[in-house]
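Trainee: Please find one structure pasted underneath; my questions will follow.
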Amino acid sequence: MYRSHNCGELRASHTNTEITLAGWVQGVRDKGFMVYVDLRDRYGITQLYFDEEQTNKKVLETAQKLGREFVIQVKGKVQERASKNPNIPTGDIEVLVSDLTILNKAKLPPFTIEDKTDGGEDIRMKYRYLDIRRNPVKNSLIFRHKVTQEVRNYLSNASFIEVETPYLIKSTPEGARDFVVPSRMNEGQFYALPQSPQTFKQLLMVGGMDKYFQIVKCFRDEDLRADRQPEFTQIDCEMAFIEQEDIINTFEGLTRHLLKEINGVEVDKFPRMLYDDAMRLYGNDKPDIRFGMQFGELNQVAQHKDFGVFNNAELVVGIAVPGGNSYTRKEIDKLISWVKRPQVGALGMVYCRYNDDGSFKSSVDKFYDQDDLAKWAEVTGAKPGDLICVLSGDKNKVRAQLSALRMELSERLGLRKPNEFAPLWVIDFPLLEWDEDTERYHAMHHPFTSPKPGQIELLKTDPGAVKANAYDLVLNGNEIGGGSIRIHDKETQALMFDYLGFTEEEAKAQFGFLMDAFQYGAPPHGGLAFGLDRLVAILGGQETIRDYIAFPKNNAGRDVMIDAPAPIDDEQLTELSLKLNLKS
Ligand code: ASP
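The opening position of the sequence shown corresponds to residue 352 in the numbering used here, with each subsequent residue numbered one higher.
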């Protein structure tokens, strides 16, 4: 028996009990005639005590030589501490050690294994197994486990069946590049790793499974923006014989359950916002509604004077920054530089101070009088003491820029409180999205999403205006889930592929299996998928997902611990009938 108890378990009530513990040496305090060792395992830390009088000489000497992260086993008796430590649950006791066995020595770790470590991100990633010993990472993984357990409980209780779908498949279009896997047995042919199990879950509906879920890895070969992973986990779900309302109710239920069980937070019915309104009021399809600062469109009250910049703009739009009138000129100049950074891309920013005495002072006083500026305040909802920030230009661009500014300022103002949860549904997404690069429409969600009833005809005349039966679940400014009601008949699906620019042959080659299945009694169906990594991070009050993933990849998509990706040897290449044609 390696241990009778764990390192987080012993209390004053165990005094005089003979116990055996095993774990890692967190630290040694050697006072010569007495030695203290902090012994750590997953459950906590227990203080071990050795002294000249009570401990066998050899045992004391071994204790004095222990290094950090040595793996040891001790036998001894629990005793009350002379000076108690109220900060840890085992702080009332210590173990007077009689036997000490070194189970394994350890090299000096490259960073301190403490809550606040001296190790930078890179080194901690390289030695991730050591990082996992630290509370912040360990607790995040345990937290993730709790969330997934609750998801499984909730969905199982609601009659969902967890079904695994294959990883070696053919491309599923979810808007990213595929990772591919060469097939040795089928020369020159490749599997694609699923961007999501989308087509399989639809086939499960044709197969009569009715309510499906899976906690599943998805793979997308995207350029990794900050805090994205090339492989990530979804809670993937699908239901048959349902309408949008059923999906929304079911998964609102799941989200509410998680907020209650995990965070102890009760949330009322989630608000719903039309996609068009989200864009108009927040410049963003995943608005953070924990705070206001809604957009005010100013065209009507700012395009009647001689200010060319505004007059020539498709959209003039502003936000009121609470208390922003306290910013100095220098601070405002910094803000202007901030919006002009290439990452945001604004050409400039007009501002207007709303003074406490009710007067206004703007950067465009030459063109606008007090009455004009009062209207800006009205439209943006500004109050005395606020600062109105105004951007102008192309509608889509300017919305994105002002949204970035809104998020930045709210962060600085402390309005994005991690313990506050503001979920909402964004509904009625456009079916299609214009892609500047390819000069074509793409499915905004994916090509299996159905248009709103009665809108199919509009596809011919005004494709960009067609709305979809598609919805996103947004939590604290993050899209945590998204899905749609699917097309379930062959004709509409074929039509959709046609609008998306697939020839009949291409559609058949890529998705023939799905269209075939639709001819054998496909039920009406729909679903959604949650991004589990992000959901867990937000419930955990964090914005980054990495700590919630045991072995994450870095921003370049590399696993620096195992050093992947890596070249394969010539023999393997030959076996796969592959030849490299490297660009560099
Ligand atoms: N497959 C979709 C996605 O990964 C989710 C869905 O439509 O159910 O975003």
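Quick reminder that beta carbons are idealized off the backbone N, C-alpha and C, glycines included. Since the structure is predicted, the reported quantities are computational estimates derived from the model, not experimental observations.
(1) Give every residue of the same chain whose Cβ lies closer than 8 Å to the Cβ of Glu-771, excluding the five residues on either side of it in the sequence, and list them in chain order.
(2) Can you give the Cα-Cα distance for Arg-528 and Asp-636, rounded to whole angstroms?
(3) Could you check if Lys-477 is buried or exposed, using at least 16 other CB atoms within 10 Å of its CB as the buried criterion?
(4) Pull the bridge partners of Gln-430 from the DSSP assignment, please.
(5) Return the Cβ separation of Val-668 and Gly-647 in integer angstroms, given the expectation that the two are a contact with Cβ distance under 8 Å.
(6) Within 10 Å of its beta-carbon, does Ala-917 have 16 or more other beta-carbons around it, so buried, or fewer, so exposed?
(7) Taking the DSSP output, what are the residues bridged to Asn-455?
(8) Which of the three DSSP states is assigned to Ala-917 in this structure?
(9) On the criterion of 16 or more Cβ atoms from any shown chain inside 10 Å, does Ala-697 qualify as buried, or is it exposed?
(10) Could you tell me whether the Cβ atoms of Lys-552 and Ser-510 are closer together than 8 Å?
(11) Can at least three beta-carbon pairs, one atom from the region 745-755 and one from the region 615-627, be found at a separation below 8 Å?
(12) What three-state label does DSSP hand Arg-909 in the structure shown?
(13) In three-state terms, what does DSSP make of Arg-475?
(14) Short check: CB of Leu-459 to CB of Arg-419, under 8 Å?
(15) Leu-454: buried (16+ other C-beta within 10 angstroms of its C-beta) or exposed?
(16) How about Gly-732: is its Cβ closer than 7 Å to a heavy atom in ligand 1?
(17) Would you mind stating whether Phe-661 and Ala-653 have Cβ atoms separated by less than 8 Å?
(18) Given a threshold of 16 other Cβ atoms within 10 Å of its Cβ, counted over all protein chains shown, does Ala-821 qualify as buried or as exposed?
(19) I believe Leu-417 touches Val-448 by the beta-carbon criterion, under 8 Å. Please report the beta-carbon distance rounded to the nearest angstrom.
(20) Can you give me the start and stop residues for the alpha helix (DSSP H) that Ala-821 sits inside?
(21) Buried or exposed: Lys-904, going by 16 or more other Cβ atoms within 10 Å of its Cβ?
(22) Measure the alpha-carbon distance for Ala-794 versus Leu-879 and round it to whole angstroms.
(23) Of the choices Asn-436, Gly-834, Val-817, whose alpha-carbon is the least far from that of Val-825?
(24) Can you give me the start and stop residues for the alpha helix (DSSP H) that Thr-731 sits inside?
(25) Comparing C-alpha positions only, which one of Ile-831, Asp-849, Ala-901 sits nearest to Leu-883?
(26) Please confirm whether any heavy atom of ligand 1 lies closer than 7 Å to the CB of Glu-525.
(27) Shortest alpha-carbon distance to Gln-651 belongs to which of Ala-860, Phe-848, Trp-727?
(28) Could you pull the start and end residues of the beta strand (DSSP E) that Met-590 belongs to?
(29) By the three-class DSSP mapping on this structure, what secondary structure does Ile-778 have?
(30) Let me check understanding here. Comparing Cα to Cα, which of Phe-862, Leu-506, Leu-742 lies closest to Glu-665?
(31) Is it the case that the Cβ atoms of Phe-570 and Pro-545 are separated by a distance below 8 Å?
(32) Excluding the five sequence neighbours on either side, which residues of its own chain have a C-beta within less than 7 Å of the C-beta of Thr-812, listed in chain order?
(33) Going by C-alpha to C-alpha distance, which of Met-912, Phe-421, Asp-392, Ile-370 sits closest to Lys-428?
(34) Less than 7 Å separating the Cβ of His-794 from some heavy atom of ligand 1?
(35) To the nearest angstrom, how far is the alpha carbon of Lys-681 from that of Ile-687?
(36) Output the boundary residues of the alpha helix (DSSP H) element that contains Val-502.
Mentor: Working from what's here:
(1) Here the set comprises Arg-641, Asn-827.
(2) The straight-line gap separating the alpha-carbon atoms of Arg-528 and Asp-636 is approximately 23 Å.
(3) Lys-477 sits buried, since 16 or more C-beta atoms from the chains shown fall within 10 Å of its C-beta.
(4) DSSP, once it has assigned bridges, lists Glu-445 as partnering Gln-430.
(5) Their Cβ separation, rounded to whole angstroms, is 7 Å, which keeps Val-668 and Gly-647 in contact under 8 Å.
(6) Of the residues assessed, Ala-917 falls on the exposed side of the cut-off, its CB having fewer than 16 other CB atoms within 10 angstroms.
(7) Val-422.
(8) Coil, per DSSP.
(9) Buried, since its Cβ has 16 or more Cβ neighbours within 10 Å.
(10) No.
(11) The answer is no - the region 615-627 does not touch the region 745-755, with fewer than three Cβ pairs under 8 Å.
(12) DSSP places Arg-909 in coil when its eight states are reduced to three.
(13) It is helical.
(14) Against a cut-off of 8 Å, the Cβ pair of Arg-419 and Leu-459 comes out as a contact.
(15) By the beta-carbon neighbour count (other beta carbons within 10 angstroms, threshold 16), Leu-454 is exposed.
(16) Between ligand 1 and the CB of Gly-732, the shortest heavy atom gap is not smaller than 7 Å.
(17) Closer than 8 Å, so yes.
(18) Under this definition Ala-821 is a buried residue.
(19) Taking a contact as a CB-CB distance under 8 Å, the pair Leu-417 and Val-448 does not count as one, their CB atoms being some 11 Å apart.
(20) That residue, Ala-821, is in no alpha helix (DSSP H); its beta strand (DSSP E) goes 821-826.
(21) Buried.
(22) Near 16 Å, if we compare the C-alpha coordinates of Leu-879 and Ala-794.
(23) Between Val-825 and the set Asn-436, Gly-834, Val-817, the nearest pair of CA atoms involves Gly-834.
(24) That run of the alpha helix (DSSP H) goes 721-731.
(25) Residue Ile-831 is the option with its Cα nearest to Leu-883.
(26) It does: the Cβ of Glu-525 is within 7 Å (strictly closer) of some heavy atom of ligand 1.
(27) If we check each option's Cα against that of Gln-651, Trp-727 comes out closest.
(28) Element bounds for Met-590: 582-591.
(29) Looking at Ile-778 - three-state DSSP - the assignment turns out to be strand.
(30) Ranking the options by Cα distance to Glu-665, first place goes to Leu-742.
(31) In this structure, the beta-carbon distance from Phe-570 to Pro-545 falls below 8 Å.
(32) Closer than 7 Å at the Cβ level, and outside the excluded window around Thr-812, lies no residue.
(33) Nearest of Met-912, Phe-421, Asp-392, Ile-370 to Lys-428, Cα basis: Ile-370.
(34) Before going on, a small fix: residue 794 reads as Ala here, not His. For ligand 1, not one heavy atom lies less than 7 Å from the Cβ of Ala-794.
(35) Their backbone Cα atoms lie some 10 Å apart in a straight line.
(36) Its alpha helix (DSSP H) spans residues 486-508.
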